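Same order as they appear, the protein sequences are chains A and B.
Just so we're aligned: 143 in our numbering is position 158 of the first sequence, and the numbers increase by one with no gaps anywhere.
Heads up, our numbering is the position in the second sequence plus 2, with the first residue counted as 1.
Yeah, the Cβ is synthetic: ideal placement off N, Cα and C, and Gly gets one too.
Here the structure is a predicted model, which is why all the values come from computation and not from measurement.
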Amino acid sequence: MDTSFSDSFVDLFHEHFHRLFRYLDRLTGDPDLASDLAQETFLRLYARGAQPDRPAAWLITVATNLFRNARAKTARRERLLTPARGEELLADPAPSPYDAAESMELRRRVRLTIDALPERDRCLLLLRAEGYGYREIAAALGLNEVSVGTLLARAKRAFRELYEEEPNAPRG
Amino acid sequence: MHLEDEEIQRLLHGEVAGGARTQALAHLEGCSTCRQLFDEAGRDEVEIFAALSRVDHPVPKVEPRLLMARRSTATAGGWKHKAAVIALALGGAGVAYAAPGSPLPGWIRSIGTALTRHAAAPLAPPPPSAPPSTEPTATGGIAVAPRDRFTIRFTSTQVRGTATVKLTDGGDIVARALNGGATFITDVDRLTISNEGSTADYEILVPRSAGVVEIRVGTRRLLIKRGRTVLSDATADSLGRYAFPMTRSER
């Protein structure tokens, strides 16, 4: 392997791994799976042997495709996508009684809201939350770049509506 | 003629440049309806992105050289090498999760505090007193009510990026990551911005009415505000903004 590519691979890793992991972590709700997918994405980059023209777009495209494959192929993913996952979050060890229970409930609501979004909205929102540009997002999700802003506005409205509709939500 | 969703979002995210940007900003200046929609869109996004960060888990420690070794050994096909690398990888991951100082317990605690603010009015927009967005490229952030003494700490220096601090007439401290990502973790008297690996720029709005507010990168102090007095190595520009490079090593 070319030494200069090895060096640029390390640079790309340091620049992109954290936010790629965060994107996948929020997308899957499973940090182990997210870590596997993020590492697999970088393994594929390394196997490619050359830096892509647009590394960020390449990485999120591959990562999103790996996520889709993982979801389609494994029963584990199907299980994770069921509402029961939210209840698992409530079983996490709590640091203090009342506040912790309340925060766990709100974490559960956010998780359920993310999972309830259509996949395109979910990916759009999560990629934007990590600061990816419209060009990269459009490339990764197969969208027309000129409509990314409109779709993003709709995704945010959908998130808010679902969050506020969540049936077990505590009402002020 | 008002701005469409597409234009508002693009303006918010710095996705419009040149004459189109100038034209859109000029429209915002003269159209209170669009200005309100733009400000609401900015606040809405900060709220939603802050909500998303509530489900985050700690980022695993992964060494790129280890990945490269994995790829090389997989190609070579030596099972002993594979076993050794996998064991090393698993060990590394385990240490990362179990290591003292792992952010997980702190995150859970701080999530509790952060979410308590939202419990009464989940995802409700900030009160009207919240400062309007002046920089249209927010990609994540949080608004918190300052206590008498409040600390904002970035966990890490960055390979690039700038933090800009501005005093405002608003009531909340607002921290935003511009053109990049970071995780915002609030506690009663502090805001931790987990920015390892990030290359974002940041904007921090500090109410003039706040008591003591200190901003740090790791152990390096960028600025401390005590009442009306601001102490900092940086000098305020003509708009009253203090800019700090995120790249400097800690003292």
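Round the Cβ separation of A202 of chain B and G183 of chain B to the nearest angstrom and send it over; I've been treating them as touching at under 8 Å. 6 Å
Contact criterion: CB-CB distance below 8 Å. Does I226 of chain B meet it with respect to chain A? no
Looking at L224 of chain B and S240 of chain B, is the spacing between their C-beta atoms short of 8 Å? no
Taking Cβ positions, are E115 of chain A and A123 of chain A nearer each other than 8 Å? no
Apply the 10 Å Cβ neighbour rule to Y119 of chain A and answer buried if 16 or more other Cβ atoms are within range, or exposed otherwise. buried
Exposed or buried, which one is K227 of chain B when buried takes at least 16 other CB atoms within 10 Å? buried
Unbroken beta strand (DSSP E) run spanning E205 of chain B, endpoints: D203 to P209
Would R1 of chain B and F152 of chain B qualify as a contact pair, given that the criterion is a beta-carbon distance under 8 Å? Not covered by the structure: residue 1 of chain B. The range shown for chain B is 3 to 253.
Counting only C-beta atoms, is F51 of chain B closer than 8 Å to chain A at any point? yes
Cβ of D10 of chain A within 8 Å of any chain B Cβ: yes
I want to see whether chain A comes within less than 8 Å of S200 of chain B, judged by CB atoms only; does it? yes
Please classify T13 of chain A as buried or exposed, where buried requires at least 16 neighbouring CB atoms within 10 angstroms. Buried: at least 16 other Cβ atoms inside 10 Å.
Is it true that the CB of T249 of chain B sits closer than 8 Å to the CB of R178 of chain B? The beta carbons of R178 of chain B and T249 of chain B sit no closer together than 8 Å.
Going along chain B in order, which residues have a C-beta closer than 7 Å to the C-beta of Q24 of chain A? V64 and L69
What separation, rounded to the nearest whole angstrom, lies between the Cα atoms of K56 of chain A and L18 of chain A? First, the amino acid is wrong: residue 56 of chain A is Arg here, not Lys. Approximately 10 Å, taken between the alpha carbons.
If distances are taken between C-alpha atoms only, which option among A:I45, A:H(-1), A:E146 and A:G34 comes closest to Q160 of chain B? Taking only the C-alpha atoms, the option nearest Q160 of chain B is A:H(-1).
With DSSP as the reference, please indicate the residues paired to L193 of chain B in a beta bridge. B:I154 and B:T188
Pair within 8 Å by beta-carbon distance, K168 of chain B and L207 of chain B: yes
Who are the Cβ neighbours of K141 of chain A in its own chain at under 7 Å, not counting the five residues just before and after it? L110
Is the beta carbon of L5 of chain B closer than 8 Å to that of C36 of chain B? A Cβ-Cβ contact shorter than 8 Å links C36 of chain B with L5 of chain B.
From G172 of chain B to E149 of chain A, what does the alpha carbon distance come to, in whole angstroms? Going by the C-alpha atoms only, they are around 27 Å apart.
Got a sec: is the Cβ-Cβ distance from V176 of chain B to anything in chain A below 8 Å? It does not: the Cβ of V176 of chain B has no partner Cβ on chain A nearer than 8 Å.
Using a Cβ-Cβ cutoff of 7 Å, what residues of the segment 209 to 243 of chain B are near chain A? List them in chain order. none
Taking only beta-carbon positions, decide if E8 of chain B is within less than 8 Å of chain A. yes
Hey, how far is the Cα of A125 of chain A from the Cα of I45 of chain A? 6 Å
To which residues of the same chain is N197 of chain B closer than 7 Å at the C-beta, ignoring the five residues directly before and after it? F156, T157, S158, Q160 and A184
Output the distance between the C-alpha atoms of V57 of chain B and E87 of chain A, rounded to the nearest integer angstrom. 14 Å
Three-state secondary structure assigned by DSSP to V64 of chain B: Coil, per DSSP.
May I ask whether a heavy atom of the ligand NAD can be found less than 7 Å away from the beta carbon of A32 of chain A? As far as ligands go, the structure on display features none, and thus does not contain the ligand NAD.
Hey, how far is the Cα of R53 of chain A from the Cα of A236 of chain B? 47 Å
Locate the beta strand (DSSP E) running through P247 of chain B, then write down its first and last residues. R243 to P247
What are the start and end residues of the beta strand (DSSP E) that includes T135 of chain A? Run containing T135 of chain A: none in the beta strand (DSSP E); it sits in the alpha helix (DSSP H), V133 to E150.
Is there at least one Cβ from chain A nearer than 8 Å to V57 of chain B's Cβ? yes
Since D150 of chain B meets chain A, which of its residues come closer than 8 Å, beta carbon to beta carbon? The premise fails here: D150 of chain B is roughly 21 Å from chain A at the closest Cβ pair, so nothing lies under 8 Å.
Under 7 Å, CB to CB, which of the residues in the segment -8 to 21 of chain A have a partner in chain B? F(-6), V(-5), F(-2), H(-1), E0, F2, H3, R4, F6, R7, D10, R11, G14, P16 and S20
Can you confirm whether I99 of chain A, when its beta carbon is compared against all beta carbons of chain B, has any partner nearer than 8 Å? yes
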